[in-house]
Every structure is written in C-alpha cells, then in structure tokens.
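Going down the list, the sequences are from chains A and B. Here my numbering is used: the first residue of the first sequence is 1, the next is one more, and so on. Here my numbering is used: the first residue of the second sequence is 1001, the next is one more, and so on.
There are 2 protein chains.
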Amino acid sequence: MVIELTKRQEHIIQIVKDEGPITGEQIAEKLNLTRATLRPDLSILTMSGYLEARPRVGYFYAGRPAGSVISERLHKLLVKDYKAMPIVVSESASAYDAIVTLFLEDVGTLFVVNQKGFLAGVLSRKDLLRASLGNKTLEDVPVGIIMTRMPNIVTCTPEETLYSAAKKLIDFQIDSLPVVRPGEEDSKQFELMGRVTKTTIAKAFVELGSEPKV
Amino acid sequence: MVIELTKRQEHIIQIVKDEGPITGEQIAEKLNLTRATLRPDLSILTMSGYLEARPRVGYFYAGRPAGSVISERLHKLLVKDYKAMPIVVSESASAYDAIVTLFLEDVGTLFVVNQKGFLAGVLSRKDLLRASLGNKTLEDVPVGIIMTRMPNIVTCTPEETLYSAAKKLIDFQIDSLPVVRPGEEDSKQFELMGRVTKTTIAKAFVELGSEPKV
Chain A
1 MVIELTKRQE HIIQIVKDEG PITGEQIAEK LNLTRATLRP DLSILTMSGY
51 LEARPRVGYF YAGRPAGSVI SERLHKLLVK DYKAMPIVVS ESASAYDAIV
101 TLFLEDVGTL FVVNQKGFLA GVLSRKDLLR ASLGNKTLED VPVGIIMTRM
151 PNIVTCTPEE TLYSAAKKLI DFQIDSLPVV RPGEEDSKQF ELMGRVTKTT
201 IAKAFVELGS EPKV
Chain B
1001 MVIELTKRQE HIIQIVKDEG PITGEQIAEK LNLTRATLRP DLSILTMSGY
1051 LEARPRVGYF YAGRPAGSVI SERLHKLLVK DYKAMPIVVS ESASAYDAIV
1101 TLFLEDVGTL FVVNQKGFLA GVLSRKDLLR ASLGNKTLED VPVGIIMTRM
1151 PNIVTCTPEE TLYSAAKKLI DFQIDSLPVV RPGEEDSKQF ELMGRVTKTT
1201 IAKAFVELGS EPKV
C-alpha cells in the first residue's frame, strides 16, 4: 500500500519544519483554512509519524517515517553496483563438466553460452541433481538438454533496481538472475554482464544493517 | 562503522526539535557553553543529516538520517517472525531418498535428525551433487556419511535478529541456517524450530522495499 502525500500535506510539513512547534490554529491561519478543514490532514501526518503533537505546545516535525526512508533507499540500489561475475559453460559441455565447474567456482548456478558467447541457458544445481538421478552417465549428458533455455529465462539489466531483481528471484522462485544487455548487432541475443543471486541480496541486506548509526 | 551520538549531541537535537529554527548562539546559551565549544558537535550533526543549517535563520531538525533509520529497523527484525519450516530426513535415509525429498519439498537444504528427533546434520544440494559424482549408487550412500555433522553446524535461535542470521549466512558462505533451541532434558542436543535461508533474507528485503510510502 503506497499512500502519497497531498500538496497540502506537504505544505503543512514544510510549515511545521520551518516554524514548529506550532499550533493547529496557527497552521490553519497560514493556509487560510479553518482548523476543522485541516483536522484530517493533521491526523494523517501524526499517525504516519511525520508530525508529533504535544499538548499545549503544538505540532513539531518528527522526521520521515522509517518505512518511507527504507523503501526510498532500497529503490536507489542498482543491480550494476551489486552484481557478481557470471560463471559460464559452453552449450557443448557435459553435465559432468558443469558439476565440476560448479564446485571449482563455488557457485549455485551456471550460465550457458552459445558459440557467439551470448546467453543460451541457465543451469541450476537442481537441474544437475535431476540429471544425476537419471540412468545415463553424466559425462554423456550435454548441458543443452537439461538447462532452462532462452527465452524462458528471467533476466535483469544493470540499470534495474536491486529491489526489482530481488522481487523477480522471489516471484519466480529462482536462485540466480543473469544480468544482460541486448547484443549490439542482434538485439534478440543477450550479452552476459553478471549475475544477481540470493547471496547478492543477503549481502546488500547485511550492508544496510551495518550502516553507521549517526 | 558505528558512531554513537554523545549525550550533548542528543541534547542539542532535542533543543532544536523543540525550539528550532534556533541559532548556534542560542543553543550555546541554553547549554551554558561557548559557541566555539559547540562548533564540532553542530558540524557532526549537520554532516550526518540530523540538523540543517539555514543562513540567517539557524538550525532546524531534519529528521533522522536514512542509514540510522534503516540500520535500527533491520536490527528489530527477529528470526522467529521470518523463519520457514525445516524439512528433515532421518540419519538412516539414503542420498537418493534425500534428493527425492529435496525435489518434493522444493528446498535447497535438508536437516538430518537423529532417532530422538534432535538435529544431527545438515545436507546441502552441494553435498548431494558431490555424492552423485562418486562411484557408488546413491541408494547405497547413507546421508550420515555425506552430511555436515554437529557440532560443525552454524545455527541461530528464534530470538536472534534476522540481521545476525543473514551475517552468518554470508560470513560462513552457507545457504541455510537451522533455527534451534537446546533440548529440555539435554542442553547439548538441539531441537529444530525452523530454517532461515537466503530466500528468507531476500523476502525480508523485498518486504522492506514494499513498505507504505507515507
């Protein structure tokens, strides 16, 4: 639920910021309104935490409510400032090769690239575990037949917010998003710029909680 | 880096909140200090965003800085309010059984319990993938020999902050933390209360970014 402040409410906040503590009467006077007209606005601003009312003193500015500050801040974090390096295998690699790469690089998801180096698919631990339950030896299973293939891949761009990327990870129940941009010669092919995983989000979460307390 | 406000700085904020806009001279007078003594405090409070200074008007309260609000909020979120159900297998299950459970329950990590139902080990997709590379058939591999075993398991408690749990996930490079409490009869045994994973953290991140904008 997002409630936007009205122009009048913003005006009231500015008056209280500049001149508070100030009574409801005085605010009404400044706005050429009656105290009764103003009552709902003052209630909203007090309940939402912008203003505090003190008996016999009046209203004063209490700072922006926590929810508003946090939300605004989260929406300023961009994928390009948090993304990690993508770890890739070629489409012709075997499931066995892929598992070895996954261990060597210590990641949970691999991106599969085609001969031109563009994104062809995504390979999760889950895909590889499923393959290992099959009857074929893993050396004989090409990653191309077990990966999730374009265009069924959820992606994000470097300019997207980290919030939006996190929401995709949750909404689509996936562990990793490739960070892509359209190829220069062929905009239907995607160049791989990085990865955003739940680890990326958890790191950003810890970073936000470690900010200086001043 | 956490900088705590001094008593004097807190006092100054209170004065400006109650009586702002107010000049540096006037604040100094109220505190029985010289303007020069006060200068460093006023600089810190202005730079950190608590106060704003306007020429020929004075200082007024600008609300708490974003970093402070976010950090304080994150440290109030508790594991018990965010944890998910733990998915368990018994110590005698095979790696094959475990992989099947992992798919059926759609989780990335399983907890292994002993005969009394206490936490015995943790089993990740990585442990299972590693087992699938071995020569033995997965039906013949008991989870007991491939899991991470107590006391080498990083855990958290229901009363711990989500921030602290997220930090453990990052610092120890793990995907999932069992939420535990010591057994009533034997405090060296741990009862399993839930799980906190990077998905839990990503969900909390999205929730924080979706707070009402008022």
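In this text, a Cβ means the ideal position worked out from N, Cα and C, and glycines have one as well. The structure presented is a predicted model; accordingly, all values stated were derived computationally and were not measured.
Could you tell me which chain B residues have their CB closer than 8 Å to the CB of residue i, listed as they occur along the chain?
i: Tyr163 (chain A); result: Phe1205, Val1206 and Gly1209
i: Ala84 (chain A); result: Ordered by position in chain B, no residue passes the 8 Å Cβ test against Ala84 (chain A), which lies about 13 Å from the chain.
Could you tell me the distance, in whole angstroms, from the CA atom of residue i to the CA atom of residue j?
i: Ala165 (chain A); j: Thr1023 (chain B); result: 46 Å
i: Ser1124 (chain B); j: Val1107 (chain B); result: 9 Å
i: Ile146 (chain A); j: Glu91 (chain A); result: 11 Å
i: Gly144 (chain A); j: Leu1128 (chain B); result: 22 Å
i: Val1069 (chain B); j: Gly1063 (chain B); result: 10 Å
i: Arg1056 (chain B); j: Tyr50 (chain A); result: 26 Å
i: Lys198 (chain A); j: Glu52 (chain A); result: 39 Å
i: Pro1017 (chain B); j: Lys1203 (chain B); result: The question names Pro, but residue 1017 (chain B) is Lys in the sequence shown. One C-alpha to the other measures close to 36 Å.
i: Lys1083 (chain B); j: Thr161 (chain A); result: 26 Å
i: Leu1119 (chain B); j: Gln1189 (chain B); result: 7 Å
i: Ala1098 (chain B); j: Asp186 (chain A); result: 44 Å
i: Phe205 (chain A); j: Lys1007 (chain B); result: 30 Å
i: Ile1174 (chain B); j: Thr1109 (chain B); result: 10 Å
i: Phe111 (chain A); j: Asn152 (chain A); result: 13 Å
i: Glu1139 (chain B); j: Pro1086 (chain B); result: 23 Å
i: Glu1207 (chain B); j: Lys1080 (chain B); result: 16 Å
i: Tyr59 (chain A); j: Gln1026 (chain B); result: 21 Å
i: Met193 (chain A); j: Val180 (chain A); result: 5 Å
i: Leu1033 (chain B); j: Pro1021 (chain B); result: 19 Å
i: Ser48 (chain A); j: Pro65 (chain A); result: 7 Å
i: Glu1184 (chain B); j: Met1150 (chain B); result: 18 Å
i: Lys1213 (chain B); j: Leu31 (chain A); result: With a pLDDT of 49 at Lys1213 (chain B), under the threshold of 50, the modelled position of that residue is not reliable, and the figure given next carries that caveat. Roughly 25 Å between the two C-alpha positions.
i: Ile1170 (chain B); j: Val154 (chain A); result: 24 Å
i: Val1061 (chain B); j: Tyr61 (chain A); result: A small fix is needed here, since residue 1061 (chain B) is Tyr in this sequence, not Val. Each residue's Cα considered, the two are about 7 Å apart.
i: Thr1137 (chain B); j: Ile1201 (chain B); result: 36 Å
i: His1011 (chain B); j: His11 (chain A); result: 28 Å
i: Pro142 (chain A); j: Gly1134 (chain B); result: 19 Å
i: Glu29 (chain A); j: Phe172 (chain A); result: 53 Å
i: Ala36 (chain A); j: Glu1019 (chain B); result: 26 Å
i: Arg130 (chain A); j: Ser176 (chain A); result: 18 Å
i: Leu1241 (chain B); j: Pro1040 (chain B); result: Chain B is shown only over 1001 to 1214; residue 1241 (chain B) falls outside these bounds and no answer can be derived.
i: Lys76 (chain A); j: Lys126 (chain A); result: 32 Å
i: Ser1043 (chain B); j: Arg1054 (chain B); result: 13 Å
Using a cut-off of 7 Å between C-beta atoms, extract the partners of residue i located in chain A.
i: Ser1075 (chain B); result: In the sequence as presented, Ser is not what sits at residue 1075 (chain B); that position holds His. Result: Gly209.
i: Leu1169 (chain B); result: Ala202
i: Asn1133 (chain B); result: Contrary to the premise, residue 1133 (chain B) reads as Leu rather than Asn in this sequence. What Leu1133 (chain B) touches in chain A: Ile99.
Once DSSP output is grouped into helix, strand and coil, what is the label at residue i?
i: Pro1142 (chain B); result: strand
i: Ser217 (chain A); result: Because chain A in this structure spans residues 1 to 214, residue 217 (chain A) falls outside the shown range and cannot be described.
i: Leu192 (chain A); result: strand
i: Thr161 (chain A); result: strand
i: Phe1205 (chain B); result: helix
i: Thr1200 (chain B); result: helix
i: Leu1128 (chain B); result: helix
i: Leu1119 (chain B); result: strand
i: Pro1182 (chain B); result: strand
i: Arg1008 (chain B); result: helix
Below 8 Å on the Cβ atoms is my contact criterion, and I expect residue i with residue j to pass it. Report the Cβ-Cβ distance as a whole number of Å.
i: Pro1182 (chain B); j: Arg1195 (chain B); result: Not really, about 18 Å apart at Cβ, beyond 8 Å.
i: Lys1167 (chain B); j: Cys1156 (chain B); result: Not quite, the Cβ-Cβ distance comes to about 10 Å (not below 8 Å), so this is no contact.
i: Thr148 (chain A); j: Gly117 (chain A); result: Not confirmed; about 19 Å, so no contact.
i: Ser1132 (chain B); j: Ser132 (chain A); result: 4 Å
i: Glu1159 (chain B); j: Leu1078 (chain B); result: 6 Å
i: Gln1009 (chain B); j: Leu1045 (chain B); result: 6 Å
i: Ser71 (chain A); j: Gly1209 (chain B); result: 6 Å
i: Val113 (chain A); j: Thr101 (chain A); result: With a Cβ gap of about 13 Å, Val113 (chain A) and Thr101 (chain A) do not count as contacting.
i: Tyr163 (chain A); j: Leu104 (chain A); result: Rounded, the Cβ-Cβ distance is 32 Å, inconsistent with contact.
Residues of chain B with CB under 9 Å from residue i, in chain order?
i: Tyr61 (chain A); result: Lys1017, Gly1020, Phe1060, Tyr1061, Ala1062 and Gly1063
Who are the neighbours of residue i on chain B, taking C-beta pairs under 7 Å?
i: Ser90 (chain A); result: The contacting residues do not exist; Ser90 (chain A) stays about 20 Å from chain B at best.
i: Thr199 (chain A); result: Lys1198
i: Ala166 (chain A); result: Ala1202, Phe1205 and Val1206
By the criterion of Cβ-Cβ separation under 8 Å, what are the contact partners of residue i in chain A?
i: Arg1125 (chain B); result: Gly108, Arg125, Lys126 and Leu129
Kindly indicate if chain E contains any beta-carbon less than 8 Å away from that of residue i.
i: Glu1072 (chain B); result: In the structure shown, chain E cannot be found, because the protein chains are A and B.
Open item on the list: Which complete alpha helix (DSSP H) runs does the segment 58-109 of chain A hold, if anything under 4 residues is left out?
Closed with: 66-74 and 95-105
Task: Length-filtered (3 minimum) beta strand (DSSP E) runs lying within the segment 16-54 of chain A - done: 51-54
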